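Going down the list, the protein sequences come from chains S and F. All residue numbers for the first sequence refer to the working numbering, where the first residue is 414 and numbers rise by one. All residue numbers for the second sequence refer to the working numbering, where the first residue is 1092 and numbers rise by one.
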Amino acid sequence: MDPTHKKTLVLVGHGMVGQRFLEALAERGLTATHRVVVFAEEPRPAYDRVQLTSYFSGRTPDELSVTDAGFMAAHGIELHLGDPVERVDRDARTVTSRAGHTLAYDILVLATGSAPFVPPVPGKDATGCFVYRTIEDVLAIEAYATANATTGAVVGGGLLGLEAAGALQGLGLGTHVVEFAPRLMPAQVDEGGGAALLRTLAGRGLVVHTGTGTQEILTDDAGAVRGMRLSDGTELDVGLVVFSAGVRARDRLARDCGLAVGERGGVVVDERCRTGDPAVYAIGECAQATDGRVYGLVAPGYEMAQAAAAAIAAGDASDTSDTLFTGADMSTKLKLLGVDVASFGDAHGAAEGCLDVAYADSRSGTYKKLVVSAEGTLLGGVLVGDTEAYGTLRALTGSVPPVPAEQLVLPAGAGAAPALGPDALPGDAVVCNCHNVTKDAVQACATLPEVKKCTKAGTGCGSCVKLIGQLLPQSGDTGLCGCFAQTRQELYEIVRTLRIASFQELLDRHGREGARGGEGCETCKPAVASVVASLAPAIGADGYVLEGEQAALQDTNDHFLANLQKNGSYSVVPRIPGGEITPDKLIVIGEVAREFGLYTKITGGQRIDLFGARVEQLPRIWARLVDAGFESGHAYGKALRTVKSCVGQTWCRYGVQDSVRMAIDLELRYRGLRAPHKLKSAVSGCARECAEARSKDFGVIATASGWNLYVGGNGGATPRHADLLAQDLDDAGLVRLIDRFLMFYIRTADRLERTSAWLERIDGGLDHVRDVVVDDSLGLCAELEALMADHVTHYRDEWAETLADPERLARFVSFVNAPEAPDPLVAFVPERDQIKPDLPLLTLRPPAAAPLALDHDLDLEGAVSR
Amino acid sequence: MTTATATATAAPAAPTTDAPAAASVQLRLDGTWLTVCAADRLTPGRGVAVLLPDGRRQVALFLDRGRRLYAIDNRDPFSGAAVLARGLIGSADGRPFVASPLLKQRFDLASGRCLDDDDAGVAVYEVRVSP
Ligand code: SRM
Ligand SMILES: Cc1cc2nc3c(=O)[nH]c(=O)nc-3n(C[C@H](O)[C@H](O)[C@H](O)COP(=O)(O)OP(=O)(O)OC[C@H]3O[C@@H](n4cnc5c(N)ncnc54)[C@H](O)[C@@H]3O)c2cc1C
Ligand code: SF4
Ligand code: FES
C-alpha cells in the first residue's frame, strides 16, 4: 500500500508499556494498516526497567533489552531514538520533536512514563546526586561510585528506594536509607511487615533511618556531595546520594496542549485509554485511570496497552471495543536485598469491617498477614520473609479459601496446617498477573514452554512460574521421554537383568511403539549411555564411553571429554584429588595454559579450569597433562566431580582426623563413576566444617572417634543440608557405606535427579535409605558392594585411553574436511591480562527463519583471534 | 573470494543404503558437488562440521542409523556459535532433528526449521554419497 494512504500513528515514549503497545498493534494487524512512528527520549530501545537492578548482578544493557530488532523491521515501525517530542499541536494534529521533525498524526499515543521525584532540599543538584530510573542513571551511578565514594545514601525507603539501596550495596558501598514514613515500603506493607523487613535488612548491613526526612545535602568546595543532614539533626558522612522519593507522571506534553490531567498528575483517560481528544490516547505510568489512580507497576500498563490497541482497532466504532481498563490489582512480589516481600489485594485492610489474621516470627524475620472479610472472603495480605504461598493466595483473593485463614499463614508444622495446594484454586483464578492469565488458560497447555509461547504467562516478572509448574499435568506418564515409557530406574533394571548394552536394541525391543527403529532423542540417549556406563563391568560392556555405539549417545561434553563453552570452545579440568597439588604440577598447568593461550580460573570445586581450547587442541593439551601425571577430572560428566577437603589434622590446630588423605582416597575410589546426575563430596577435619561437607551429595565430617557420614546435601539453586546417615565410622566402615549408598542411588534415581531430590522423593526418605544401606533390609548390600568393586577395578582414565587410539583421535578436529583449520568463529578478546570469548562475533546473528539465504556475509574483521 | 550460493532444496537428500567404504560424501554448492570426506568418517547418530571453500561458512553433516545423510548450516542461530554438528540427533514423529548442544533448541534436519521457535531456522544443503 502506498504509505501516503496509510493513517499515521505516533507513539511518544518507548518504555516497557510503549513496546507492549507496539506488539499489541502488530497482533491486531494495525502495523500493516498504519504508518507507525515512535519518538523515544532515551538513547536505546525499550528495555526491562523492572529488572534494572540486575545490571549489578551482571545483566548487560543488551540483555535487558525487550526490543527485538527483527520485530521493528518486520512491522515497518520507525523508531527515532534520543529524540523526544517537545510539542503537540492538537489543532493541526502534529507533533514536533527536539531534532525539529514535525509530523502529522491521525492517532497520537502518549506513553511517557514517569520521572523520579526529587524533593526540593538544598544541595539536591550537587555532583554525586542521582536518580534511579534508566540504564543511563545506573551507568552514571556505577561510574561515580567506583571513582568517588565508599558510602552512599538513598532518599526514600519504598520499593524503588530499597532496590537502589541493593544496587549501592552491590557496588560495595556502605549504604544508608532515609525514609520519611515510620516504616519501610509504606505503600506495600503494614507496620508489622515493615518491622520484620527492617530487622532483616539491618542484619544485612543496611543502615535504615525511618521517621526522619532529608534536610540538606552537604557539599565540599568543589560542589560534590560529602554528606547529608537529616531533619532529626543527624549528619551522615556519605559520598553519593540517590533520590528515590516517589515518581511523578510525565504529563507535561498533555498539560501544554490543554488535555485534562489529574489532581496529583497523570493524563486523564477513559477505560479505553482515550483522553478528552478522541485522537489522543495515554497509557502506562503517565496516565490516570478511571479509578483515579496512576499505576506505578508494569502489569496495569500492559493492560492499558491492550485496551488502547483494541480501541484503535475498532476505529470509529471504538466505543464498542470491549477490552477495557478500569483499574488493577497492586499485587507485587519482590526480592529486595535478598528478602522476599509480597503484598496483594487489599493489603492494608481498607475495606469496611474486615479482619486481620497475622503471624510474626521475629527470629526468622517472617511476617504474614491476611485480610479477610467478615464472611471469610480473602481480601488481600502482606508476606515478608516467606512468600512461598504468594501465588496461591493471590489467586484465591476474592473467594472464601477452602481452609481457615489462620492455617494459611502458619508455617508448616506449627498447627498442622495442610499446605494449601494449587488444586484448590478456581479455574478463573488469575495465576499470572503480568499477563492476566487464568488457571484454566494455563492448564490448556501441557508444558511450561507451551504456556509461555501461547499465553505469555511467566514471561513478565516471573513470579508465577513456580505456581504454573504445579498446575501443569504431571501427565501420569512417568516415562523417561517420548521414546521410552519406562522410568530411568526401570530401564536400569532392564539393562542390568537382560544385559542389554546396545541402545538400539533397547529402543527397538523396549521403546514406545512409534519410537522403535527410530533415532531416540536427546533425552534418552545420554540417560541410557549413563546407565550402560554405570553397569559396564557387570553387563560385559566396554567401560570406555566413546566405544562403538556409545560414542553416538553421549552429550557433546562427554563426547569431547571437555566442557562446551558459549562460543564453541571447550574448557579442560584435570583432576586434583582432594584439592591437593604439588608445586611442580601447578607449574605444568601454568605452562600448558600459557602455551595454548587458555584462560585459567580456580573453580568452586578446589581445582583449576582451563578455558578456550578449540576441539583440535584438546588432544595436545591432554597429552601434556597426562605426561605430567594428571588425568581427566570428569567436569563434563554426570559423574563424580570433586571431593573437597579442608587441611585437617595435619596442620590445623583443631583437626581431629586426616581429612585430606580421606578426601583423596574417596576421590580416587569413585573417580569416573557415572551416575544419574553429578556427584560431589567433601571431607572436613572437624565439626567446624571448613570443607562444607554438608552441602554435598555425600559429606564426611571427622569426629574424635572416626567419621560422620552425611548424605543428600546440595548447593546450587535449591540448597539442602545433608542428613546424618551414620556416626563414628572407621575408615573401612565409611567407605563400605558410601559404596552402598552411591550404588543404591544410581540404581533408583531418576534422570538428572541429584541425591538431595532423590532422598526427598523416594518413599520412606532417609529412613528407608538407612534401612537398605545400613541394615540391609532388602538383602542388596552385597550386590551393591560388588558393583562398586567392579567399578573401582575397571576404572581407566578417559583422556589417556583416547590418546592411545588414533582412530578416536581423528574425531577431534573442527572440520572433517580441513583437520588443521581452526573454527573462525572461535575468537577471543583480551580481558584482565587473559582472554575471553569475542561476543560481538557471536551476536552477529544470521537472519531468522531464512533457510535459503545462504550468502549473508559475516564481518570477521576487528576480531582478535589467537 | 567466492561466495557460495547453494541452491538448496528442502529434500532430505538421497537415501543411500549401505554406502561402499570407498564412497565419499558430497555437498551441493553453486550447482556443483563438493566432495567433503570419505563416507566412513561419519558415525551413525552423530555429526561432523565441514568448512566451505570461502573459509568461513560451515555445514553440519549428519548420518542417521538408517544411513541417511542430512546437511544444515552449522551455526546455532540462538548462540551464534558454530556447534550444531556437535548436537545429539533424534527423531520425533519419524522426522529427524538435531538438538543444539548449547541451549538444546531442536532443528528439523530435513527443513532446517527450529521446532522450538517458529521464528528461527537454519539453511539446509543437498548432500549425497558420490555416485
Ligand atoms: C567451573 C565451575 C564454576 C567456577 O568457575 O568455579 C562450574 C561451572 C559449571 N557449573 Fe557448577 N561449577 C562449579 C562449581 C559448582 C559448585 C560448587 C562446588 O561444587 O562446591 C556448585 C554448588 C554445589 C552443588 O552442585 O550442589 C555448582 C552448582 C551447579 C549447578 C546446580 C546444581 C544443583 O543441583 O542445583 C549446575 C546446573 C546443573 O548441574 O544442572 C551447575 C552447572 C555448571 C556448568 C556445567 C553449566 C554448563 O552446563 O555449562 C558449568 C560448566 C563448567 C565448565 O564449563 O567447565 N553447577 N557448581 C565450578 C567447577 C567445579 C569443579 O572443579 O568441577
Ligand atoms: C528500579 C525499578 C524497579 C521497578 N520494579 C518494578 C516491579 O518489580 N514491578 C513492577 O510492576 N514495576 C516495577 N517498576 C515500575 C515499572 O518499571 C514501570 O511501571 C514501567 O516501566 C512503566 O512503563 P511505561 O512505559 O509507562 O514508562 P517508562 O518505562 O518510564 O517509559 C517511558 C519512556 O518514555 C520516554 N519519554 C518521556 N517523555 C518523552 C517524550 N516527550 N518524548 C519521547 N519519549 C519520552 C522516557 O524516556 C521513557 O523511556 C520498577 C521501576 C524501576 C525504575
Ligand atoms: S574443618 Fe576443622 S580441621 Fe578442618 S580446617 Fe576447619 S577447623 Fe581445621
Ligand atoms: S505474574 Fe509476572 S510473569 Fe506471571
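Cβ coordinates follow ideal geometry from the N, Cα and C atoms, glycine included. Note that this is a predicted model, so its numbers are computed, not measured.
By the CB criterion at 9 Å, residue 1225 of chain S and residue 1140 of chain F fall outside the cutoff. Note: residue 871 of chain S is not bridge-paired with any residue in the DSSP secondary-structure output.
Placement of the Cβ of residue 527 of chain S at a distance of less than 8 Å from at least one heavy atom of ligand 2 is found. Rounded to whole angstroms, the Cβ separation of residue 1133 of chain F and residue 1154 of chain F is 4 Å, and the two are in contact under 8 Å. When Cβ pairs closer than 8 Å are counted between the two stretches, the stretch 1081-1092 of chain S is seen not to touch the stretch 1003-1017 of chain S, the count staying below three. According to DSSP, residue pairing for residue 905 of chain S in a beta bridge does not occur. Taking a Cβ-Cβ threshold of 9 Å, none of the residues of chain S is close to residue 1123 of chain F; the smallest such distance is about 14 Å.
Interface with chain S (9 Å Cβ-Cβ cutoff): residue 1182 of chain F is included.
Neighbours of residue 1193 of chain F in chain S, taken as residues whose beta carbon is under 8 Å from its own, are 977 and 979 in chain order.
Between residue 948 of chain S and residue 749 of chain S, the CB-CB gap reaches or exceeds 9 Å. For residue 484 of chain S, no beta strand (DSSP E) run applies; the uninterrupted alpha helix (DSSP H) run containing it begins and ends at 482-487, by DSSP. Nearest CB-CB separation between residue 1187 of chain F and chain S: below the 9 Å threshold. With fewer than 16 other Cβ atoms from the protein chains shown falling within 10 Å of its own Cβ, residue 997 of chain S counts as exposed. With respect to the 9 Å criterion, residue 653 of chain S and residue 545 of chain S are not classified as neighbours on the basis of their beta carbons. Below 8 Å, too few C-beta pairs join the stretch 725-738 of chain S and the stretch 753-770 of chain S to call them touching: fewer than three. Ranking S/429, S/435, S/447 and S/464 by CA distance to the CA of residue 455 of chain S puts S/429 first. Residue burial annotation: residue 1082 of chain S is buried, with at least 16 other C-beta atoms found within 10 angstroms of its C-beta. Between the beta-carbon of residue 1201 of chain F and that of residue 1222 of chain F there is about 21 Å, and that puts the pair past the 8 Å contact cut. Exclusion of the five residues before and after residue 1159 of chain S leaves 947, 1088 and 1089 as the residues of its chain whose Cβ lies within less than 7 Å of its Cβ. The shortest CA-to-CA distance from residue 995 of chain S to any of S/1041, S/958 and S/785 is the one to S/1041. Residue 568 of chain S counts as buried, since no fewer than 16 other beta carbons sit within 10 angstroms of its beta carbon.
The beta carbon of residue 1212 of chain S sits closer than 7 Å to those of 974, 1035, 1039, 1044 and 1045, all from its chain and outside the five residues before and after it, given in chain order. With respect to chain F, the C-beta atom of residue 973 of chain S has a partner C-beta closer than 9 Å.
Judged by pairs of C-beta atoms under 8 Å, the stretch 626-633 of chain S does not touch the stretch 596-614 of chain S, as fewer than three such pairs exist. Per DSSP, residue 1083 of chain S is one residue of the alpha helix (DSSP H) stretching across 1072-1083. Shortest gap from the CB of residue 610 of chain S to any heavy atom of ligand 2: 8 Å or more. Under a 10 Å Cβ-count criterion, residue 540 of chain S is classified as exposed, with fewer than 16 other Cβ atoms of the shown protein chains found around its own Cβ. DSSP, reduced to helix, strand and coil, places residue 606 of chain S within a helical segment of the structure shown. In the displayed model, residue 853 of chain S falls within a helix according to three-state DSSP. Under the DSSP assignment, residue 1211 of chain S falls in the alpha helix (DSSP H) whose first and last residues are 1211-1216.
Rounded to the nearest angstrom, the gap between the Cα atoms of residue 747 of chain S and residue 800 of chain S is 9 Å. Around residue 1220 of chain F, no beta-carbon contact reaches into chain S at under 9 Å, the shortest distance being about 14 Å.
With respect to the C-alpha of residue 497 of chain S, the residue from S/1123, S/691, S/928 and S/427 having the closest C-alpha is S/427. If you draw a straight line from the Cα of residue 886 of chain S to the Cα of residue 860 of chain S, it comes to about 8 Å. The distance from the Cβ of residue 1181 of chain F to that of residue 1190 of chain F is about 7 Å, consistent with a contact at the 8 Å cut-off. Considering only beta carbons, the part of the stretch 463-490 of chain S lying closer than 8 Å to chain F consists of 483, in chain order.
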